[in-house]
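Colleague: Starting off with a structure, shown below.
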Amino acid sequence: MSLLQRIFSTLACCSLLVSSFTLASDKLPLSPDQLSQPYPDIAVTTLHSAPELIAVFKQHDYQLEKIANSSKLPAYFIENLPDDLNSLPVQQKTSGFIRLLLPTIQAVNDQILAVRHQVEVLANKETTEWSSNEKQWIKQLYASYNVKSGDIQQLLLHIDIIPVGMVLAQGIDESGWGTSHFAIKGNSLYGEHLPAHGGKYLTTPGGHVKVAAFDNLYQGTASYMHNLNTTGAYKELWNLRHQLRKQNNLTGYELVQALSHYSTRGEAYVDNLRALITHHKLDSFDNVELDKQQSLRVRFTH
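Going by mature numbering (1 follows the signal peptide of the UniProt record, and there is no 0), the letters in the sequence shown line up with residues -24 to -1, 1 to 278, in that order.
The following block contains the structure:
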């Protein structure tokens, strides 16, 4: 190959690299509820029982106190629930449920923050500087989050995390520590009814109530957070979250006070969530980061 040919070859490679980088950087993040494949592309470990899961956690030294102290959370994704959590001793059941759900909650929140960050970037640019892809992306977010005003600051009020402690407390309360029929059969931990636009569901005995069902725990968690971030009944939650964020005090214990409309139990529901958060130290995990160097996918067969 001549010197001139080598130069053209090098330039072509550089051009390809730049082109690839541009395409990658132009890719705008999807809301977690829109991800069809949220899990890492690794082999799935198949388990059959809750004791097997506890054994896996022990083998990998996955302990809650260690996570709280190090703020490093292994990316151990449990796709669905075993049907025998109640067979475990109480301490194993409670810590096991928290451990199996924690990475999923963090992953959903991380995806929400990725979307929020990109919206903030666009909010600081003139709309005339937005690309056609960015304009279409924002338009879809307005529709998805039911923001009719076209106000990007209003959109940011909707696109934000639900603190880990609050998600865990609601999952615990609504699913009975992962032992309810709807949690085991439908990956539905948070008491969501079937939304107006339809979808998968399970019914209560007699078929009077349709409860939303999901393919995995990530989708169920993402849908629950999206519900809180879009339904008008939670406007108080959005405003309180905005204030708490400004005060650097966005915790589950503080935010659950805006959930009196979530349950017919009203303030008693809020009191119970706060008791769960306090007793089980569920706000200890607010600042953890997923360590993607430690990845695991677990799926239960029933």
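Beta carbons: idealized from backbone N, C-alpha and C, even for Gly.
These numbers were taken from a predicted model, which means no experiment stands behind them.
1. How many angstroms separate the CA atom of Glu230 from the CA atom of Pro139?
2. I'd like to know if the stretch 21 to 39 and the stretch 63 to 79 are in contact, where contact means that at least 3 CB-CB pairs between them fall below 8 Å.
3. Would you check if the distance between the CB atom of Thr80 and the CB atom of Thr227 is smaller than 8 Å?
4. How about Lys176 and Ala159: do their beta carbons lie closer than 8 Å?
5. Which whole-angstrom value describes the C-beta separation of Asp86 and Leu266, a residue pair presumed to lie in contact below a C-beta threshold of 8 Å?
6. Can you tell me whether Pro16 is buried or exposed, with buried defined as 16 or more other CB within 10 angstroms of its CB?
7. Count the other CB atoms, across all protein chains shown, that sit within 10 Å of the CB of His202; report buried if there are 16 or more and exposed otherwise.
8. Compare the Cα-Cα distances from residue 315 to each of Gln116, Ala83, Lys186 and Ala44 and report the closest residue.
9. Less than 6 Å between C-beta atoms, sequence neighbours within five positions excluded: which residues of the same chain meet that for Leu252?
10. Quick one: give me the first and last residue of the beta strand (DSSP E) that Lys48 is part of.
11. Which residues bound the beta strand (DSSP E) around Lys268?
12. Roughly how many whole angstroms lie between the Cα atoms of Ala51 and Glu110?
13. Closest to Gln13 by CA distance: which of His256, Thr277 and Leu193 is it?
14. Excluding sequence positions up to five away, which residues of its chain have a Cβ less than 8 Å from the Cβ of Lys268?
15. Write down every uninterrupted run of the alpha helix (DSSP H) in the stretch 97 to 158 whose length is 4 residues or greater and which is fully enclosed by it, in chain order.
16. When the Cα atoms are used, what is the spatial distance from Ile128 to Glu102?
17. Assuming Val84 and Leu131 are in contact, meaning their beta carbons sit under 8 Å apart, how far apart are those beta carbons, in whole angstroms?
18. Output the distance between the C-alpha atoms of Ala19 and Thr104, rounded to the nearest integer angstrom.
19. Quick one: grab the DSSP three-state call for Leu178.
20. Using a threshold of 8 Å, state whether the C-beta atoms of Asp259 and Gly141 are closer than that.
21. Whole-angstrom Cβ separation of Leu76 and Ile54, contact assumed at under 8 Å?
22. Go ahead and label Gly208 buried or exposed: buried means 16 or more other beta carbons lie within 10 angstroms of its beta carbon, across all protein chains shown.
23. Among Asn163, Ala90, Gly162 and Thr206, which residue has its Cα nearest to the Cα of Tyr118?
24. DSSP three-state label for His169, please.
25. Count the other CB atoms, across all protein chains shown, that sit within 10 Å of the CB of Arg250; report buried if there are 16 or more and exposed otherwise.
26. Identify the continuous alpha helix (DSSP H) that holds Thr22 and give its terminal residues.
27. Could you give the first and the last residue of the continuous alpha helix (DSSP H) run that contains Ala198?
Modeller: The short version:
1. For the purposes of this step, residue 230 is identified with residue 254 of the sequence shown, where counting begins at 1. For the purposes of this step, residue 139 is identified with residue 163 of the sequence shown, where counting begins at 1. Cα to Cα, Glu230 sits roughly 10 Å from Pro139.
2. Judged by Cβ distances under 8 Å, the stretch 21 to 39 makes contact with the stretch 63 to 79, as three or more pairs qualify.
3. Numbered from its first residue, the sequence shown carries residue 80 at position 104. Numbered from its first residue, the sequence shown carries residue 227 at position 251. No, Cβ-Cβ distance for Thr80 and Thr227 is not below 8 Å.
4. Translated into the one-based positions of the sequence shown, residue 176 becomes position 200. Translated into the one-based positions of the sequence shown, residue 159 becomes position 183. For the pair Lys176 and Ala159, the CB atoms are not nearer than the 8 Å cut-off.
5. Counting from 1 along the sequence shown, the entry for residue 86 is found at position 110. Counting from 1 along the sequence shown, the entry for residue 266 is found at position 290. Under the criterion of beta carbons closer than 8 Å, Asp86 and Leu266 qualify as touching, at roughly 7 Å.
6. Mapped onto the sequence shown, residue 16 falls at position 40. Result: exposed.
7. Counted from its first residue, the sequence shown places residue 202 at position 226. By the neighbour-count rule (16 or more Cβ atoms within 10 Å), His202 is buried.
8. As shown, the chain starts at -24 and ends at 278. That puts residue 315 outside it, with no answer to give.
9. Here residue 252 is taken as the residue at index 276 of the sequence shown, counted from 1. Closer than 6 Å at Cβ, skipping near neighbours: Ala145 and Ile148.
10. Within the sequence shown, residue 48 is the residue found at index 72, counting from 1. Counted as a single uninterrupted DSSP element, the beta strand (DSSP E) harbouring Lys48 occupies residues Lys48 to Ile54.
11. As a working note, residue 268 is residue 292 in the sequence shown. In the DSSP annotation of this structure, the continuous segment of the beta strand (DSSP E) that includes Lys268 starts and ends at Glu265 to Phe276.
12. Within the sequence shown, numbered from 1, the residue matching residue 51 stands at position 75. Within the sequence shown, numbered from 1, the residue matching residue 110 stands at position 134. Looking at the two C-alpha atoms, the distance is approximately 30 Å.
13. Residue numbering aside, residue 13 sits at position 37 when the sequence shown is read from its first letter. Nearest neighbour of Gln13 by Cα position, chosen from His256, Thr277 and Leu193, turns out to be Leu193.
14. In the sequence shown, counting from the first residue as 1, residue 268 sits at position 292. Cβ within range, chain order: Pro16 and Ala51.
15. DSSP runs (the alpha helix (DSSP H)) wholly in the stretch 97 to 158: 108 to 120, 128 to 134 and 140 to 151.
16. By 1-based counting over the sequence shown, the position of residue 128 is 152. By 1-based counting over the sequence shown, the position of residue 102 is 126. Going from the Cα of Ile128 to the Cα of Glu102 covers about 12 Å.
17. Numbered from its first residue, the sequence shown carries residue 84 at position 108. Numbered from its first residue, the sequence shown carries residue 131 at position 155. The C-beta distance from Val84 to Leu131 rounds to 18 Å, too long to meet the 8 Å contact threshold.
18. Indexing the sequence shown from 1 puts residue 19 at position 43. Indexing the sequence shown from 1 puts residue 104 at position 128. Looking at the two C-alpha atoms, the distance is approximately 45 Å.
19. In the sequence shown, counting from the first residue as 1, residue 178 sits at position 202. Assignment of Leu178 by DSSP, reduced to helix, strand and coil, places it in the strand class.
20. Here residue 259 refers to the residue found at position 283 of the sequence shown. Here residue 141 refers to the residue found at position 165 of the sequence shown. Yes, the pair counts as a contact, with Cβ atoms nearer than the cut-off.
21. Taking the sequence shown and counting its residues from 1, one reaches residue 76 at position 100. Taking the sequence shown and counting its residues from 1, one reaches residue 54 at position 78. Contact flag correct, Cβ pair sits at about 4 Å.
22. Counted from its first residue, the sequence shown places residue 208 at position 232. Burial call: exposed.
23. Counting from one through the sequence shown, the residue named residue 118 turns up at place 142. Out of Asn163, Ala90, Gly162 and Thr206, Thr206 has the C-alpha closest to the C-alpha of Tyr118.
24. One-based indexing of the sequence shown puts residue 169 at position 193. Reduced to three states, the DSSP call for His169 is strand.
25. Taking the first residue of the sequence shown as position 1, residue 250 is located at position 274. The residue in question, Arg250, is buried, as its Cβ has 16 or more Cβ neighbours within 10 Å.
26. What you label residue 22 is simply residue 46 of the sequence shown in a count that begins at 1. Per DSSP, Thr22 belongs to no alpha helix (DSSP H); it is in the beta strand (DSSP E), Val20 to Leu23.
27. Numbered from its first residue, the sequence shown carries residue 198 at position 222. Its alpha helix (DSSP H) spans residues Leu193 to Thr206.
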